[in-house]
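> Residue numbers (our numbering), protein chains in the order written: chain A, 10 to 697; chain B, 171 to 229.
Even glycine gets a Cβ: it sits at the ideal position worked out from N, Cα and C.
Let me give you the structure first, and then I'll get to my questions.
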Amino acid sequence: LHNFRQFRGESPVVHIASPVGRPVTVCFGANGAGKTALLNAFSWTLYGKTTSGFLLPDEIVNKGAIREAKPGTVVEGWVELAFEYLENRYLLRRTKRVRRGATENSVTELGEPSTELRWCGPDGEWRNERAPDDVVSRVLPVDLHSYFFFDGERIERIVRQEAREKADIANAAKKLVGLEVLERAIRHVNAARKALEKDLAAVGDAETRALLEEEGKLESRVSSTEARIKELQRNLDGHEALKAEREKRLRALQSVREIQERRDELNSEHEARMESLRGAQSGLAKLVSTRGYSVFLTEACNTYHQVVEGMRMRGELPTGIKRQFVDDLLAGDLCICGRTLDEHADAGARSAVWAWREKAGLADVEERTIRMGGEVRQLEIHREDFWNHFDRYLETARSDKSELAHIQRELEEISEMLRNSPQEEVSSLETELARTNEAIERDKLEKTECGLLIRQMMQRLEVIADEVRKHAAVERKQELAQRRVDACREVSSRLEEAKDRFEMQFRRDLTARIAELFREISYKPYAPRVQSDYSLVLVDTASGLDGPVAASQGESQVLSLCFIGAMIDIARGYQARRERLPGPASATYPLVMDSPFGSLGQTYRRQVADHITKLADQVLVMVTNTQWRGEVENSLVGRIGKSYVLAYYTTKDEFPTESVSLGGKSYELIRRSPRDYEYTVIEEVTLA
Amino acid sequence: MVTEHQVKNDLDPLEPLKREPEEIRKIVYAVLELEQSYLNLQRPHINDDVIAIVKREIK
């Protein structure tokens, strides 16, 4: 301690007796000497918290130190706590700084207390910890600290709790045995499940089914249409054969042979013209699609010519003198005539050369103009070419069409003539031939329509297949999401089950352990019970009714001590066999108790003292002379490993003498202050 | 006589966490380890980490 509360200057290090051998440490002090301050030194350093019995918690820095400091200087008060946890050693220091004003009462606080944590691993090297609070929380969670550092005069609160304190105890118990980990895991897994459930809401089955149904129908229509095309083709083949047969027969008839031959001639000419027309039409389509664009660039080409012409007129093209050349002259401060172009001395000449710079064209403008010129010319050639070909194709198509019309007319005339032939054979053959031709036309038309229909259906089938594929992907995702949601439910229910089992076991063990300790200490036929909220009640076992009894203050204190002892004991036991279940790591638990025998009667004082080392591995008790003397002294004296006196220096001339005898030596607990203020000094007692 | 209560009391608390199938067990232990490492925080924001564990184990 350094200038912490009543402890002026730097106190000697207070060692807590080792858990092996004599595990009890005793600090003796008169009322007001600083026992509660010493207790609070622990919780203030670890968590920045103080107990309710610790008055004026902001006044951390020793008053005497402030008083002796020069006005304007900074005075520090700090506590340093050394502890071990797992394999590491830690040094935690919390410091409060104040600045003294003109008088000792005008004190300015310099910010919040600062914390500094250094630690040393098995390698023996000390390091600075950046997040001291995190480390402290891992070593001993803040809501557990009041069970390890407690004010004995208020300890019965553990039994006589308010609702909030009951919740604190439940939380503390859960943390000690790792239940908190399970509870948090359940909460977070359930939250994860809710998030994953969102992936489930997507396309439903009905939609996919409708698509698949349509797909099936379309596919069967496609195949029936294809069958129809084949049928039509067969019909066409038949009609063509019939047609050829009839034409052959017509040709065989002497009277109409010439006419039929003329018709054959016309037919082949018709075919040739059709071929030519088709060629012209496809040539035109190709021409428009590959060269058609050049027609739309006429205006752009004209603009180019105008721009270039304008530049020529202004003398910008060709450039003649390059801007870069002028820039070089200016940079070199020398004109081509040999005259210097110094900025100050030759300002006139320089500005003349500068004017040339504005006139000079840009080299890359010229270069680009030339390159673009080539491209524009190419475009113009393409355009001309386009129109030449375009006209030619149109002309071919036009003449083909008019020739085809002629042929068609002549063929119709021939047909007409044959149909009206006085020879019945000719007339009927021609009529049949015309009918066959009609049938051929009809079937060809239907075949084309069927082909078109199939193309449309195939396109729709492709769209459907795509949709179905998408749905399938969504369904796979849904199925995965469902499995994840199910996994979360399973994990959560297992964690719940484990938690229930742990809690039941813990409560049972806790009750048994508290009862065991209570039986050893108390002489009343009462048994403690742990409620579901971890609060304690005493029941009268002798009456056979198991009804709750009102505990006295002393009994409540004893019960609270038993509760703490049992918690520590059980937490230790659980961790030893906790296998892989996470929870706070196993450790040696110290108990720091201020006046634990405060309001106990003679019997309980002795009983508690007898059993105190059963409660925890290391015990630090702070007592007054009267709390110590008698039963407590007799019980504990053989187990003291370390002891200290909190010697209080008073400013009064007259004060009662209060001393404690230890190891054959007497120590005064109240002494006359050599200064004009009061303070406390810690002295180690050397035991024989 | 062994009561139902006693039977229930003697159940191993770790047993539900160790049950098959493997992927559920892996999620359980990964989540518990995650919670353990954030025990020092009052309200750790680890929902996304838990979701990531579930997604990693269930593919």
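Could you name the residues of chain B that A204(A) contacts, counting a contact when the two beta carbons are closer than 8 Å?
In the first sequence, residue 204(A) corresponds to position 195, counting from 1. Simply N217 and I221.
> Listing by chain order, which chain B residues have their CB less than 8 Å from the CB of V190(A)?
Along the first sequence, read from residue 1 onward, the residue named residue 190(A) stands at position 181. By Cβ distance, chain B contributes L202, E205, Q206 and L209.
> Would the stretch 652-660 of chain A count as touching the stretch 38-52 of chain A if we require 3 or more Cβ pairs under 8 Å?
With the cut-off at 8 Å, the stretch 652-660 of chain A and the stretch 38-52 of chain A touch.
> At a Cβ threshold of 8 Å, is I691(A) touching chain B?
Within the first sequence, numbered from 1, the residue matching residue 691(A) stands at position 682. With 8 Å as the cut-off, I691(A) does not count as an interface residue toward chain B.
> Tell me, please, whether the CB atom of E190(B) is closer than 8 Å to any CB atom in chain A?
Here residue 190(B) refers to the residue found at position 20 of the second sequence. Closer than 8 Å: no.
> Quick check on the DSSP output: the beta strand (DSSP E) that includes N97(A) runs from which residue to which?
In the first sequence, counting from the first residue as 1, residue 97(A) sits at position 88. Where N97(A) is concerned, the enclosing beta strand (DSSP E) stretches over N97 to R109.
> Work out the CA separation of R243(A) and T440(A) for me, nearest whole Å.
Along the first sequence, one-based indexing puts residue 440(A) at 431. Along the first sequence, one-based indexing puts residue 243(A) at 234. So the alpha carbons of these two residues sit roughly 22 Å apart.
> When we look at the beta-carbon of D394(A) and count the other beta-carbons within 10 Å, is it buried (16 or more) or exposed?
Start at 1 with the first residue of the first sequence, and residue 394(A) comes out as number 385. That one is exposed.
> In this structure, how does DSSP classify T349(A) when only helix, strand and coil are distinguished?
Here residue 349(A) refers to the residue found at position 340 of the first sequence. Strand at T349(A).
> Please report the Cβ distance between G86(A) and F13(A), rounded to the nearest whole angstrom; I am assuming they are in contact, meaning their Cβ atoms lie under 8 Å.
As a working mapping, residue 86(A) is identified with position 77 in the first sequence. As a working mapping, residue 13(A) is identified with position 4 in the first sequence. About 5 Å; that satisfies the 8 Å criterion.
> Rounded to a whole number of angstroms, what is the C-alpha to C-alpha distance between C310(A) and V316(A)?
Stepping through the first sequence from its first residue, residue 310(A) is reached at position 301. Stepping through the first sequence from its first residue, residue 316(A) is reached at position 307. Taking the straight line from one Cα to the other gives about 10 Å.
> With burial defined as no fewer than 16 other Cβ atoms inside 10 Å of the residue's Cβ, what is the status of L454(A): buried or exposed?
Mapped onto the first sequence, residue 454(A) falls at position 445. Classification for L454(A): exposed.
> With a floor of 4 residues, list each alpha helix (DSSP H) that falls wholly inside the stretch 298-332 of chain A, ordered by position along the chain.
Runs of the alpha helix (DSSP H) inside the stretch 298-332 of chain A: 307-322.
> By how many angstroms is the C-alpha of A536(A) removed from the C-alpha of E677(A)?
For this step, residue 677(A) is matched to residue 668 along the first sequence. For this step, residue 536(A) is matched to residue 527 along the first sequence. Each residue's Cα considered, the two are about 43 Å apart.
> What beta strand (DSSP E) runs, 3 residues minimum, are completely inside the stretch 515-546 of chain A?
Whole beta strand (DSSP E) segments, 3+ residues: 535-539.
> According to the neighbour-count rule (16 or more other Cβ atoms, all chains shown, within 10 Å of its Cβ), is V29(A) buried or exposed?
The sequence position of residue 29(A) within the first sequence is 20, counting from 1. Classification of V29(A): exposed, given that the 10 Å Cβ count is below 16.
> When burial is assigned at 16 or more other CB atoms within 10 Å of the CB, is R5(A) buried or exposed?
As shown, chain A starts at 10 and ends at 697. That puts residue 5(A) outside it, with no answer to give.
> Does chain B have any CB closer than 8 Å to the CB of H154(A)?
Translated into positions along the first sequence, residue 154(A) becomes position 145. Judged by the 8 Å Cβ criterion, H154(A) is not in contact with chain B.
> Which residues in the same chain have their Cβ closer than 8 Å to the Cβ of V172(B), if we skip the five residues on either side of it in sequence?
Counting from one through the second sequence, the residue named residue 172(B) turns up at place 2. Residue placement at V172(B) cannot be trusted, given a pLDDT of 39 that sits under 50; the coordinates are not used to answer.
> Taking contact to mean at least 3 C-beta pairs separated by less than 8 Å, is the stretch 600-610 of chain A in contact with the stretch 45-59 of chain A?
Short answer: they touch.
> Quick one: does A201(A) have its CB under 8 Å from some CB of chain B?
Counting from 1 along the first sequence, the entry for residue 201(A) is found at position 192. It does; some Cβ of chain B falls within 8 Å.
> With distances taken between CB atoms, is the gap from G110(A) to P80(A) smaller than 8 Å?
Counted from its first residue, the first sequence places residue 110(A) at position 101. Counted from its first residue, the first sequence places residue 80(A) at position 71. Yes, the pair counts as a contact, with Cβ atoms nearer than the cut-off.
> Give the DSSP-derived three-state secondary structure of N114(A) in the structure shown.
As a working note, residue 114(A) is residue 105 in the first sequence. Three-state result, N114(A): coil.
> Should M576(A) be labelled buried (16 or more other beta-carbon atoms within 10 Å of its own) or exposed?
The residue you call residue 576(A) lines up with position 567 of the first sequence. Buried: at least 16 other Cβ atoms inside 10 Å.
> Which residues share a DSSP beta bridge with C36(A)?
Stepping through the first sequence from its first residue, residue 36(A) is reached at position 27. Answer by DSSP bridge pairing, in chain order: M631(A) and Y653(A).
> R510(A) touches chain B at which residues, Cβ-Cβ below 9 Å?
As a working mapping, residue 510(A) is identified with position 501 in the first sequence. Simply K178, N179, L181, D182, P183, L184, E185 and P186.
> For A219(A), decide whether its Cβ has a neighbour in chain B, counting only Cβ atoms nearer than 8 Å.
Counted from its first residue, the first sequence places residue 219(A) at position 210. So no, A219(A) is outside the interface.
> DSSP beta-bridge partners for R136(A)?
Walking along the first sequence from the start, residue 136(A) turns up at place 127. R136(A) is bridged to W128(A).
> Which stretch, first to last residue, makes up the beta strand (DSSP E) that contains D160(A)?
Here the question's residue 160(A) lines up with position 151 in the first sequence. Segment F158 to D160, the beta strand (DSSP E) holding D160(A).
> H398(A) and S303(A) - do their beta-carbons sit closer together than 8 Å?
Locating residue 303(A) in the first sequence gives position 294, where the first residue counts as 1. Locating residue 398(A) in the first sequence gives position 389, where the first residue counts as 1. It is not a contact, given that the beta carbons lie outside the stated cut-off.
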